[in-house]
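S.K.: According to UniProt numbering, the sequence shown is numbered sequentially starting from 1.
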Amino acid sequence: MRFLVFVLFIVGLIYLQIRLSKMKNKWFGLIIPTIFFIFSLLGVLNMAVYTSFTKETINTLDESGVVIAKQVIENSSTNVPSLIFTTVIILLLYNIPTAIFLGIYAVCRDKIKKNSELEKMNIQDLE
1 MRFLVFVLFI VGLIYLQIRL SKMKNKWFGL IIPTIFFIFS LLGVLNMAVY
51 TSFTKETINT LDESGVVIAK QVIENSSTNV PSLIFTTVII LLLYNIPTAI
101 FLGIYAVCRD KIKKNSELEK MNIQDLE
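#1: So, with DSSP's three-state summary, where would you put Glu-117?
#2: Since Gly-29 and Tyr-94 should fall inside the 8 Å C-beta cutoff, what is the C-beta to C-beta distance between them, to a whole number of angstroms?
#3: May I have the straight-line CA-CA distance separating Gly-12 from Ile-73, to the nearest angstrom?
#4: Is it buried or exposed, Ile-89, if we count other Cβ atoms within 10 angstroms and call 16 or more buried?
#5: List the whole-angstrom C-beta distance separating Val-49 from Thr-87, where the pair is believed to meet the contact cut-off of C-beta under 8 Å.
#6: Look at the alpha carbon of Ile-14 and the alpha carbon of Leu-42, and state the distance between them as a whole number of angstroms.
#7: Terminal residues of the continuous alpha helix (DSSP H) containing Gly-12?
#8: Quick one: Cα of Leu-92 to Cα of Pro-33, how far?
#9: Pick helix, strand or coil for Lys-24, following the three-state DSSP scheme.
#10: Which residues does DSSP pair with Ala-69 in a beta bridge?
#11: When burial is assigned at 16 or more other CB atoms within 10 Å of the CB, is Gln-17 buried or exposed?
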């Protein structure tokens with residue numbers, strides 16, 4: 001059931017993208033790709049939060065539960081090449097929907113452009 005809802009949601013998004021891309025104002029067709037691009041940036045920022053410098057606190061308690069000692073350890077062993085590679089992979093994966101919807105937009109706008117050129121040629125032929 002969940003899979004069916006997911007598929008219907010995707011089909012609805014594709015239908016909406018086609019409808020928006022065929023509108024006279026070309027900017028409407030860029031709404032859905034922009035939303036997915038923003039989601040991809042949020043994914044990268046979310047990754048940055050979890051892979052940045054972290055602090056770990058270790059509390060030593062006595063038998064009654066009172067804190068005897070508190071030790072803060074800073075983990076700053078972030079591997080920069082690994083972080084860059086992970087960022088690029090996340091951007092590529094999260095932007096797959098962006099690329100698909102931009103492709104739909106490009107195809108629809110190309111059809112509109114060809115049809116308008118054909119209309120102009122037909123009008124010129126009639127004159």
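Don't be surprised by glycine CBs; every beta carbon is placed ideally from N, CA and C. Computed from a predicted model, the values in this text were never measured in an experiment.
M.R.: Reading from the atomic positions:
#1: As a working mapping, residue 117 is identified with position 117 in the sequence shown. Helix, per DSSP.
#2: For the purposes of this step, residue 29 is taken as residue 29 along the sequence shown, with counting starting at 1. For the purposes of this step, residue 94 is taken as residue 94 along the sequence shown, with counting starting at 1. Not a contact, Cβ separation roughly 20 Å.
#3: For the purposes of this step, residue 12 is taken as residue 12 along the sequence shown, with counting starting at 1. For the purposes of this step, residue 73 is taken as residue 73 along the sequence shown, with counting starting at 1. Straight through space, the alpha carbons of Ile-73 and Gly-12 are spaced by roughly 49 Å.
#4: Position 89 of the sequence shown, counted from the start, is the residue given in the question as residue 89. Taking every protein chain shown into account, the CB of Ile-89 has fewer than 16 other CB atoms within 10 angstroms, so this residue is exposed.
#5: Translated into positions along the sequence shown, residue 49 becomes position 49. Translated into positions along the sequence shown, residue 87 becomes position 87. With 8 Å as the limit, Val-49 and Thr-87 do not qualify as a contact, their Cβ atoms being about 13 Å apart.
#6: Indexing the sequence shown from 1 puts residue 14 at position 14. Indexing the sequence shown from 1 puts residue 42 at position 42. So the alpha carbons of these two residues sit roughly 22 Å apart.
#7: The residue labelled residue 12 in the question sits at position 12 within the sequence shown. 2 to 21 is the span of the alpha helix (DSSP H), which, as asked, contains Gly-12.
#8: The residue given as residue 92 occupies position 92 in the sequence shown. The residue given as residue 33 occupies position 33 in the sequence shown. Taking the straight line joining both Cα atoms gives about 14 Å.
#9: What you label residue 24 is simply residue 24 of the sequence shown in a count that begins at 1. Coil at Lys-24, not helix or strand.
#10: Walking along the sequence shown from the start, residue 69 turns up at place 69. Answer by DSSP bridge pairing, in chain order: Thr-60.
#11: In the sequence shown, residue 17 corresponds to position 17, counting from 1. Classification for Gln-17: buried.
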